[in-house]
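Take a look at the structure set out below.
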Amino acid sequence: MKVLLASSEVHPFSKTGGLADMVGALGKALAAAGHEVAIITPLYRGIRGRFSDLRPTDWTINVPLGETWVRAQVVALSLGERLTVYFVDHPGYFDRLALYGENNTDYPDNPQRFIFFSKAVVQFAHLQPDGPFDIVHVHDWQAGLVPALLQWEGHRTGWRPPRSVLTIHNLAYQGRFAKSAFGLTNLPPDYFTPAGVEFYGDVNCLKAAIIFADFLTTVSPRYAREICTEAYGCALDPVLRARQAKLVGILNGVDYDEWNTHRNLHLRHEYSFRKMAGKAENKRDLQRELGLPMRADVPLFATITRLADQKGVDILLAALEEMLATDMQFVLLGSGDPAIQRGYQTLARRYPTKAIARIGYDHALSHRIEAGCDFFLMPSRFEPCGLNQMYSLRYGAIPIVRRTGGLDDSVVDLTEDEKHADGIKFTEFTSRALATAIRKALVLYATKPLLDQMRHNAMTADFSWSRTTEDYTRVYQRALA
Ligand code: ADP
Ligand code: GLC
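According to the working numbering, the sequence shown is numbered sequentially starting from 709.
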């Protein structure tokens, strides 16, 4: 099949979270499975400098955006025989310090930027000289208007557009804008109704995709069920329930070329389950780097996260207040909400030999933390898939997760399956339940045979993309049927 993936972030070009990892890895995996894959994404600042093989193309995007016309060039980078990334080069919109906003504030012209991006995707799909795409697979709200725009473009020009698939990575971000943004879409007024793009008087890009895409997926089976309920539906649950027959949950895979404990350029010491000495050395290095006492016998807990409400960083802070009295170490790597940042910095000042708060975004350090820590904390309020718990498993760091979304689907607790257990789960979203889970981890750390067995299970758990690719191929076939 010929597939176009449209996403506002793609690893290794741009990233604020797991979306980038997922789209980058999905593209690779689909191409490896024999599909012909193109990925389209904005050309953000810095990409040109880091990837000198970028080449210009003959494509020029020229689309109306409300009253004006907007032009952009398309540049390309081939990543393999069947995989090419196309970048939409509009410096005014994308040559900026950040992807979506600065100082925790969204760019005010995000409607223009991403409605334009969605239109560029549609025009790019329409202009294909060497055969049409079978599927346009859009990700999250930033490409959310694509399915509606494809339909309208077909209507307007007599073109038979490709089928569209939406993957929801996070229902909490919907791309909801004031009604005036609807003018930017140049769609006819009958698209602006409760059965279309409108949501309580506003434009809602994700809702538009849920309604107009031929098929819907989200990134874990449990989250697929959760988002159809009021508790997790972010007010879109009625719309999702109406389309539930076309919605499946597919757990993300892990790119083990990138996330592994062998020949990893970010790690000084290789290791495997049979040769765990390297993990102990990585732990020692990490303690040295962070300025923590270099002790092998103390359990090191870690988290790497966006500091956002979703991630349960509030209950974690409260649980740590209680638990840091015990013999343990903790490191946080994260950025986001300034108040939460301060909370962790204050905690770190209070326990200088036990807790470290690294505020910022640091890809290499994230590998070193996964490799050096014993336990990885993900107490999320909700979690569509979550990637770090799967990275942790491979790195032999036991994940401590809340029973929600993809966390529940990817980690096995002792109470569920003693033989295959590889993590610790808790259910209630409270600091007390989390503290209890941390206490269990302390006991586990002191129970060597059980710890070894769980580490073994963790490091051999397999979330490679091959199975997932088959699931997406089936989704594409269903969208085409
Ligand atoms: P989400 O996409 O909701 O943020 P995921 O667990 O799916 O959650 O993915 C998060 C990704 O972003 C992981 O690859 C993680 O390592 C990375 N990440 C998050 N915060 C940081 C940070 N401060 N520094 C480096 N990597 C980070
Ligand atoms: C989103 C979700 C996260 C998921 C990622 C990749 O950012 O919050 O749970 O792993 O997308 O699908």
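Backbone N, C-alpha and C define an ideal beta-carbon position, used for all residues, glycine too.
Neighbourhood of the ligand GLC, defined by CB distance below 7 Å to any of its heavy atoms: GLY725, GLY726, LEU727, ASP729, MET730, HIS877, ASN878, VAL927, ASN960, GLN1018, GLU1091, PRO1092, CYS1093, GLY1094, LEU1095, GLY1113, GLY1114, in chain order.
Partner residues in the beta bridge of ALA1010, as assigned by DSSP, are VAL1039, PHE1084. The Cβ atoms of ALA1027 and ALA1004 do not sit closer than 8 Å to each other. By the 16-neighbour rule on beta-carbons within 10 angstroms, GLN1185 is exposed. Nearest in C-alpha terms to PRO840, of all of ASP848, GLN831, VAL846, is GLN831.
DSSP places ASP1179 in the uninterrupted alpha helix (DSSP H) bounded by 1173-1188. In this structure, the CA atom of THR1011 is about 34 Å from the CA atom of THR792. In the three-state reduction of the DSSP assignment, HIS743 falls in the coil class. By the CB criterion at 8 Å, THR1176 and ASN960 fall inside the cutoff.
With a threshold of 16 other beta carbon atoms within 10 Å, ARG1110 meets it and is buried. Between ALA1016 and ASP1035, the C-beta gap is not smaller than 8 Å, which leaves the two residues out of contact.
Of the residues LEU727, TRP860, LEU751, GLU934, the one whose Cα lies closest to the Cα of VAL905 is TRP860. Annotation: GLU938 to THR1112 spans about 15 Å, alpha carbon to alpha carbon. Between the ligand ADP and HIS974, a heavy atom-to-CB distance of less than 7 Å is absent.
CA-to-CA, the gap between GLY732 and ALA880 works out to about 22 Å.
By alpha-carbon distance to ASN968, the top candidate from GLU1078, GLY735, ALA1056 is GLU1078. Distance between ASP922 and GLN1018, taken at the CA atoms: about 29 Å. The continuous beta strand (DSSP E) containing PHE1134 extends over residues 1132-1134. Counted as a single uninterrupted DSSP element, the alpha helix (DSSP H) harbouring SER1139 occupies residues 1139-1153. DSSP places ASP1116 inside the alpha helix (DSSP H), whose first and last residues are 1113-1118. Between the alpha carbons of ASP761 and HIS798 lies a distance of about 19 Å. Three or more beta-carbon pairs separated by less than 8 Å link the segment 1084-1103 to the segment 1113-1133, which places the two stretches in contact. Shown here for PHE1171: same chain residues with a beta carbon closer than 6 Å to its own, the five before and five after excluded, namely GLY961, VAL962, MET1098 in chain order. Secondary structure note for PRO1107: its beta strand (DSSP E) is the uninterrupted segment 1106-1110.
As computed with DSSP, GLN781 is found in a beta bridge with THR768, ASP797. When Cβ pairs closer than 8 Å are counted between the two stretches, the segment 766-775 is seen not to touch the segment 715-734, the count staying below three.
Assignment of beta-bridge partners to LEU874 by DSSP yields VAL846, LEU924.
Here the segment 1082-1090 makes no contact with the segment 1058-1068; the two share fewer than three CB pairs at distances below 8 Å. For the 8 Å CB-CB criterion, ASN894 and GLY774 form a contact. Distance between GLY1051 and SER928, taken at the CA atoms: about 31 Å. Our two residues, PHE907 and VAL947, have alpha carbons roughly 11 Å apart in a direct line.
Distance from the C-beta of ASP1022 to the nearest heavy atom of the ligand ADP is not below 7 Å. Assignment of ILE919 by DSSP, reduced to helix, strand and coil, places it in the helix class.
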